[in-house]
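As structure tokens, the structure follows; a few thoughts come after it.
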Amino acid sequence: MRETHFQKMIELLALVLHCPICSAKYNAENTNVIETKAVDKGEESSMLVHTDCERCKSSVVFSISMDGPEIFSVGMVTDLTSADAARFRDANQITVDEVMEFHDFLENFDGNFEKVLR
Ligand SMILES: [Zn+2]
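Residues 3 to 120 (our numbering) are what the sequence shown spells out, left to right.
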């Protein structure tokens, strides 16, 4: 039941969702489901969907939640491909310490990649 449920939702959302950059309507063929979650015995479910705009070639990741007849969506423009989005969805968050460490690294980096990658 769930697969058809989500497939129907994608087809419905492709009709409703527009590209936030150029306002073109999305094509269901350019829409990939990255993750689905369904709560048993209820009508509550959520999806993470990646779309590519045919017109302006931008990509957006939508987080879509459904609770009965209500549908909520939040879109975020991204440079990730759908494969990247799937790969990074379970990645650990970057910590403040890691950002500071990289900042310090870049401040002292002399541009010699050969030395760093060895
Ligand atoms: Zn567009």
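Don't be surprised by glycine CBs; every beta carbon is placed ideally from N, CA and C.
Item to complete: Return the chain-ordered list of same chain residues with a C-beta closer than 7 Å to the C-beta of D54, the five sequence neighbours on each side being excluded.
Response: Cβ within range, chain order: N32 and S61.
Discussion item. For F74, report the span of its beta strand (DSSP E) as first-last.
Written reply: Where F74 is concerned, the enclosing beta strand (DSSP E) stretches over E72 to T80.
Worksheet entry | E46 (DSSP reduced to helix, strand or coil) | E46: strand per DSSP, three-state reduction.
Discussion item. Once the 5 residues before and after K117 are set aside, which same chain residues still bring their CB inside 7 Å of it?
Written reply: A distance below 7 Å between beta-carbons, with the five flanking residues on each side excluded, links K117 to no residue of its chain.
Practice prompt. Could you pull out every residue in the same chain whose Cβ sits closer than 7 Å to the Cβ of I36, ignoring the five residues on either side in sequence?
Written response: Spatial neighbours of I36 in its own chain (CB-CB distance under 7 Å, excluding positions within 5 residues in sequence) are listed in chain order as L50, V51, H52, S84, A87, A88 and R91.
Worksheet item: Across which residues does DSSP place A40 in a beta bridge pair?
Response: Answer is S47.
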